[in-house]
Amino acid sequence: MIVRKAVIPAAGMGTRFLPATKSMPKEMLPIVDKPVLQFVIEEAVASGIEDILIVTGRGKQAIENHFDYNPELELFLHSAGKQHLADQVRGIGDRVQIHYIRQKEQLGLGDAIRLARAHMGSEPFAVLLGDTIIDPPEGQSPGLRQLLDAFDVTQASVVAVHRVPPEWVSRYGIVDGVPEPGRDDLLRLKKLVEKPAVNVAPSNLAIAGRYIFTNAIFDCIDATQTGVGGEIQLTDAMNLLAQQAPVYALAWQARRFDIGNRLEYAKCFIEMALRRPDTGEALRVFLKGLLGDAAG
Ligand code: UTP
C-alpha cells in the first residue's frame, strides 16, 4: 500500500485563540511571514504527498484565497519590479493538488476526517492537523516522511507520538503500547487514553498531530458515539480500530508546536524568527536586551 493523499482538518473554531480567530482562521496565523498551514502543506509535499484535501468551514475563506492565484497582486508586484515576490505568491498552490470540503458543524476531529471518506476511497491516507507545526531535529526527514517510512514497514495504521514532560501529560492523548521487537521507536498500540491524570497515565508518549490510517478508520468513526463536548473524538475511533487491526505508534524526536495554544504559538514564532537570516541576529540582540533589562 502506498500513501498518496492527505487530509488536513482546519475547520475548528479556535476558541483558545479568540479574539484573533473571530475573523481569521488560526491555521492562517503567521509565523513571521508564512501562515501555519503553509508549513503544514510544505511538510506534506516534502514527504511525497501528491493530493491534499483541506477541511474548512464558515469564516475560513482566507485559506482558499491563500492557495489560489491572485492576478491583481501578481500584476502589481510584477510592475513594481518585485518578480521574485510574484513568483513566490503564485508558487504556493502550484506544488500539489489541493481540494476543499466544508464541515458544516464543528463536531470534532473524528467528524472532520470522516468527510474525507469519498475522496480517499480504499487508499490509506495521511492526516496532518492544520494547527500543528512539526519540527524535526536538524538533518532528519520531514515529520510526515518519517511516519510514511514507518508505514512502509508496518503496512498498518501508524500515529506519531512524542515524549512530553509530566506536567503536560494531562493535556494530550497518551499511548499505552508494547514495543515492537528490535525497534525502540515503534510500539504496537493497546489503547489511547485521552488527557489522563499524570499518576494514572500509561506513558508520557503524547499524540503529535500526524497520522496514517488505512480506510478501516472510517467505519470506526461511524461506530463512535459522540463524546466530550458533543464531539466525535478521533481517539475513540482509534481505540476501536486498535481492537480490530494492528495500529502502531512511532516515537519520534521531532518537536510539536500546537499553535492553537497561545504560549506555544509565541514560542514557535520566536524560534523560527531566530533561525532566519533576515531577522535572527537583530532579534537575538533585542531579546538579550529585553531579558537583561527584565533580570536587572
Ligand atoms: P483542535 O481541537 O485543536 O481545534 O483541533 P479547535 O476545536 O479549533 O480548538 P479550540 O479548542 O476551539 O481552540 C485540531 C485540528 O482539527 C481541526 C482544527 O481546525 C485543528 O486544525 N478541527 C477540529 C476540525 O477541522 N473540525 C472540528 O470539528 C474540530
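In case it helps, our numbering puts the sequence shown at residues 863 to 1158.
No residue lacks a Cβ here, since even glycine has one placed at the ideal position from N, Cα and C.
Q. How long is the line joining the alpha carbons of P1058 and A1070, rounded to whole angstroms?
A. Distance between the alpha carbons of P1058 and A1070: 16 Å.
For F1131, which residues of its own chain have a beta-carbon under 6 Å away from its beta-carbon, when the five flanking residues on both sides are left out?
I893.
- Query: Just checking, does the stretch 985 to 996 make contact with the stretch 938 to 945 on the three C-beta pairs under 8 Å criterion?
  - Reply: Output reads no: the stretch 938 to 945 does not touch the stretch 985 to 996.
_Buried or exposed, going by whether 16 or more other CB atoms sit within 10 Å of the CB of F1075?_
Buried: at least 16 other Cβ atoms inside 10 Å.
L891 to L971 span [Cα, whole Å]: Rounded to the nearest angstrom, the two C-alpha atoms are 20 Å apart.
* Would you identify the three-state DSSP class for Y1127, choosing helix, strand or coil? => DSSP, reduced to helix, strand and coil, places Y1127 within a helical segment of the structure shown.
* To do: Measuring alpha carbon to alpha carbon, tell me which of K867, G983 and Y1034 ends up nearest A1063.
  => Out of K867, G983 and Y1034, Y1034 has the C-alpha closest to the C-alpha of A1063.
Checklist entry - Taking DSSP as the reference, what is the three-state secondary structure of D1140? => result Residue state, collapsed to three classes: coil.
**OP:** Using three-state DSSP, classify S1065 as helix, strand or coil.
**Re:** For S1065, the secondary structure class from DSSP, reduced to helix, strand or coil, is coil.
(request) Name the residue from R1124, D1155, F879 and R1050 whose alpha carbon lies nearest to the alpha carbon of L1112. (result) Per the Cα distances, R1050.
contact_flag[the stretch 912 to 925, the stretch 1013 to 1027] where n(CB pairs < 8 Å) is 3 or more: No: the two stretches stay apart, fewer than three of their Cβ pairs being nearer than 8 Å.
*Note the first and the last residue of the continuous beta strand (DSSP E) segment covering S1032.*
Note, S1032: premise wrong, no beta strand (DSSP E); not H, not E.
Apart from the five residues just before and just after V865, which ones in its own chain have a Cβ nearer than 7 Å to its Cβ? Excluding residues within five positions, the ones whose Cβ falls inside 7 Å are P986, F987, A988, L1010, F1013 and I1074.
Please confirm whether Q959 and I914 have their CB atoms less than 8 Å apart.
Going by C-beta atoms, Q959 is nearer than 8 Å to I914.
Quiz prompt | Segment limits, beta strand (DSSP E) that includes T994 | solution = That run of the beta strand (DSSP E) goes T994 to D997.
(Q) What residue range does the beta strand (DSSP E) around R952 cover? (A) No beta strand (DSSP E) holds R952; the alpha helix (DSSP H) holding it covers Q945 to G953.
_Considering Cα atoms alone, identify which of N932, M982 and Q968 is closest to G953._
Closest by alpha carbon: N932.
**OP:** Report yes if the C-beta of E905 is less than 7 Å from at least one heavy atom of the ligand UTP; otherwise report no.
**Re:** Checking the Cβ of E905 against the ligand UTP gives no.
DSSP three-state call for F901: helix, strand or coil? Helix.
- Item | Whole-angstrom C-beta distance between A974 and P871, which should lie under 8 Å | Yes, P871 and A974 are in contact; Cβ-Cβ is about 4 Å, under 8 Å.
Practice task
Taking only heavy atoms of the ligand SAM into account, decide whether any of them is closer than 7 Å to the Cβ of Q965.
Solution key: The ligand SAM is not part of this structure, which contains only the ligand UTP.
| query | Looking at the structure shown, is P933 part of a helix, part of a strand, or coil, going by DSSP? | reply | Looking at P933 - three-state DSSP - the assignment turns out to be helix.
### Message
Is it the case that the stretch 894 to 913 contacts the stretch 875 to 882, given that we only count it when at least three CB pairs across the two stretches are under 8 Å?
### Response
As far as the Cβ criterion goes, the stretch 875 to 882 does not touch the stretch 894 to 913, which means the pair count is below three.
| task | Report whether the distance from the Cβ of R1193 to the nearest heavy atom of the ligand UTP is below 7 Å. | result | Absent from the model: residue 1193. The displayed extent of the chain is 863 to 1158, so no value can be given.
Worksheet item: Which residue's Cα is closest to the Cα of V869: Y1127, S1065 and L991?
Response: Out of Y1127, S1065 and L991, L991 has the C-alpha closest to the C-alpha of V869.
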